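Engineer:
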Amino acid sequence: MKRAKILCVCGSGTVSSAMVAGKLKEKLAEKGYDVATVESSPPGVESALSAGGFDLIACVSPVYEEFGVPKVSAVGMLTGMSEDKVIEDCIAILDAR
Amino acid sequence: MSQAIFEELVDVGVETEDAIDAIRQLGTRFEQAGFVKDTYVEAVTAREAEYPTGLQLEDMGICMPHTKGAHVNKPAVGVFKLKSPVTFSHMGDPDTKVQAELVFMMAILNPDEQLDLLQKVMKVFTNRQAMAEFKAAQSKQELLEVAKRYIDS
Chain A
7 MKRAKILCVC
17 GSGTVSSAMV
27 AGKLKEKLAE
37 KGYDVATVES
47 SPPGVESALS
57 AGGFDLIACV
67 SPVYEEFGVP
77 KVSAVGMLTG
87 MSEDKVIEDC
97 IAILDAR
Chain B
22 MSQAIFEELV
32 DVGVETEDAI
42 DAIRQLGTRF
52 EQAGFVKDTY
62 VEAVTAREAE
72 YPTGLQLEDM
82 GICMPHTKGA
92 HVNKPAVGVF
102 KLKSPVTFSH
112 MGDPDTKVQA
122 ELVFMMAILN
132 PDEQLDLLQK
142 VMKVFTNRQA
152 MAEFKAAQSK
162 QELLEVAKRY
172 IDS
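Keeping their order, the protein sequence lines are chains A and B.
Last residue of the first sequence: 103 in the numbering used here, with the numbers rising by one and none dropped.
Last residue of the second sequence: 174 in the numbering used here, with the numbers rising by one and none dropped.
#1: Closest to T88 of chain B by C-alpha separation, out of B:L138, B:E38, B:A158, B:I129, would be which residue?
#2: Report all residues from its chain with a CB closer than 8 Å to the CB of E89 of chain A; omit the five preceding and five following residues, and keep chain order.
#3: Whole angstroms are fine: how far does the CA of E163 of chain B sit from the CA of A98 of chain A?
#4: Flag G34 of chain B as yes if its beta-carbon sits less than 7 Å from any beta-carbon of chain A, otherwise no.
#5: Do E79 of chain B and R170 of chain B have their C-beta atoms closer together than 7 Å?
#6: Between which two residues does the beta strand (DSSP E) holding M127 of chain B run?
#7: To the nearest angstrom, how far is the alpha carbon of V31 of chain B from that of M143 of chain B?
#8: Rounded to a whole number of angstroms, what is the C-alpha to C-alpha distance between E28 of chain B and L165 of chain B?
#9: Would you say E79 of chain B lies against chain A (beta-carbon separation less than 7 Å)?
#10: Indicate whether at least one CB of chain B lies closer than 7 Å to the CB of T43 of chain A.
#11: Do you know whose CA, among B:A67, B:A40, B:V100, B:E36, lies nearest S110 of chain B's CA?
#12: Excluding the 5 residues preceding and the 5 following E122 of chain B in the sequence, name in chain order all residues of the same chain whose CB lies nearer than 8 Å to its CB.
#13: Return the first residue and the last residue of the alpha helix (DSSP H) that F155 of chain B is part of.
#14: Against chain B, does G50 of chain A count as a neighbour if the rule is that its beta carbon must be under 7 Å from one of theirs?
#15: Counting only Cβ pairs nearer than 8 Å, list the residues of chain B close to E89 of chain A.
#16: Quick check: is the beta carbon of A24 of chain A nearer than 7 Å to any beta carbon in chain B?
#17: Pull up the DSSP beta-bridge partners for V100 of chain B, would you.
#18: I believe F125 of chain B touches M152 of chain B by the beta-carbon criterion, under 8 Å. Please report the beta-carbon distance rounded to the nearest angstrom.
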């Protein structure tokens with residue numbers, strides 16, 4: 007299994023991001039990735055990223071600033087409507103490392 | 022798994038003027054039933070203004086206003102069918118508006134401990150069949166039964 011570290015961002019930094027983090031772990035595990043996730047709210051992103059080692063930021067609520075870490079819009083996982091696309095976007099970033 | 026759906030927090034035909042009124046009315050029900058403190062309504066309203074919770078599903082619009090921790094006494098998920106759709110802003114893009122027919126209001130005490138519950142709710146959103154059943158429920162009893170079946174089991 008390949009390792010990956012993802013920051014999940016939502017408004018409260020807890021509820022929606024926890025929902026998406028769980029789903030991401032499950033789906034990416036099917037693709038061979040062992041994913042560690044950290045949750046944050048948008049104001050806490052910079053500080054969360056300072057811990058280092060993040061491969062991508064999964065945004066449920068939008069994150070407007072650039073932090074040098076690739077962002078994926080992940081709200082499609084909550085609605086189920088573009089779940090596959092979200093996973094594809096993540097895989098594209100992780101595979102390109 | 023512990024119960025998250027309660028009769029006092031499920032209803033149909035709820036009349037509200039707008040998103041703020043919806044949160045106020047429904048949040049007050051949570052408060053009166055003892056699930057949350059008197060700071061809950063304000064906290065959820067403030068959160069909604071900054072980080073909206075509208076979601077456009079395949080067949081309908083919904084919203085999931087919530088807050089956590091300090092304002093909550095006991096975790097619960099409220100399911101309310103609105104008499105007529107109310108405008109909420111979309112979670113992923115606040116400039117996009119969603120006409121919400123169903124409100125899934127949540128009081129989460131500790132997201133790590135209630136992760137199972139959150140995953141269940143998320144599974145409901147992503148399940149067209151389940152959402153169709155929620156939408157089809159005509160009475161409080163029917164909606165309660167559907168909610169218990171999908172979220173409490």
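Think of the CB as a built atom: it goes at the ideal place given N, C-alpha and C, for glycine as much as any other residue.
These numbers come from a predicted model, not from an experiment.
Structural biologist: On the basis of the coordinates in this document:
#1: The residue labelled residue 88 of chain B in the question sits at position 67 within the second sequence. Considering only alpha carbons, the answer is B:I129.
#2: Within the first sequence, numbered from 1, the residue matching residue 89 of chain A stands at position 83. Excluding five sequence positions before and after E89 of chain A, the CB atoms of its chain that fall closer than 8 Å to its own CB belong to K29, K33, G82, M83, given in chain order.
#3: By one-based count along the first sequence, residue 98 of chain A stands at place 92. By one-based count along the second sequence, residue 163 of chain B stands at place 142. In a straight line, the C-alpha of A98 of chain A is about 44 Å away from that of E163 of chain B.
#4: Taking the second sequence and counting its residues from 1, the one referred to as residue 34 of chain B is at position 13. False, the Cβ-Cβ gap to chain A never drops below 7 Å.
#5: Position 58 of the second sequence, counted from the start, is the residue given in the question as residue 79 of chain B. Position 149 of the second sequence, counted from the start, is the residue given in the question as residue 170 of chain B. No, the pair does not count as a contact, with Cβ atoms beyond the cut-off.
#6: Residue 127 of chain B sits at position 106 when you count from the first residue of the second sequence. Counting along the chain, the unbroken beta strand (DSSP E) around M127 of chain B starts and ends at 118–129.
#7: Taking the first residue of the second sequence as position 1, residue 31 of chain B is located at position 10. Taking the first residue of the second sequence as position 1, residue 143 of chain B is located at position 122. Rounded to the nearest angstrom, the two C-alpha atoms are 18 Å apart.
#8: Translated into the one-based positions of the second sequence, residue 28 of chain B becomes position 7. Translated into the one-based positions of the second sequence, residue 165 of chain B becomes position 144. Roughly 7 Å between the two C-alpha positions.
#9: Here residue 79 of chain B corresponds to residue number 58 of the second sequence, with the count starting at 1. Answer yes: the Cβ-Cβ gap between E79 of chain B and chain A drops below 7 Å somewhere.
#10: In the first sequence, the residue the question calls residue 43 of chain A occupies position 37. Judged by the 7 Å Cβ criterion, T43 of chain A is not in contact with chain B.
#11: Counted from its first residue, the second sequence places residue 110 of chain B at position 89. Answer by Cα proximity: B:A40.
#12: Locating residue 122 of chain B in the second sequence gives position 101, counting from the first residue. Here the set comprises M81, G82, I83, K102, L103, P106, K156.
#13: Here the question's residue 155 of chain B lines up with position 134 in the second sequence. Start and end: 149–157.
#14: Along the first sequence, one-based indexing puts residue 50 of chain A at 44. G50 of chain A does not count as touching chain B.
#15: Here residue 89 of chain A refers to the residue found at position 83 of the first sequence. Neighbours of E89 of chain A on chain B, chain order: T147.
#16: Here the question's residue 24 of chain A lines up with position 18 in the first sequence. Yes, contact with chain B.
#17: Position 79 of the second sequence, counted from the first residue, corresponds to residue 100 of chain B. DSSP lists B:V31, B:F125 as partners of V100 of chain B.
#18: For the purposes of this step, residue 125 of chain B is taken as the residue at position 104 of the second sequence. For the purposes of this step, residue 152 of chain B is taken as the residue at position 131 of the second sequence. So it is not a contact: roughly 11 Å between Cβ atoms.
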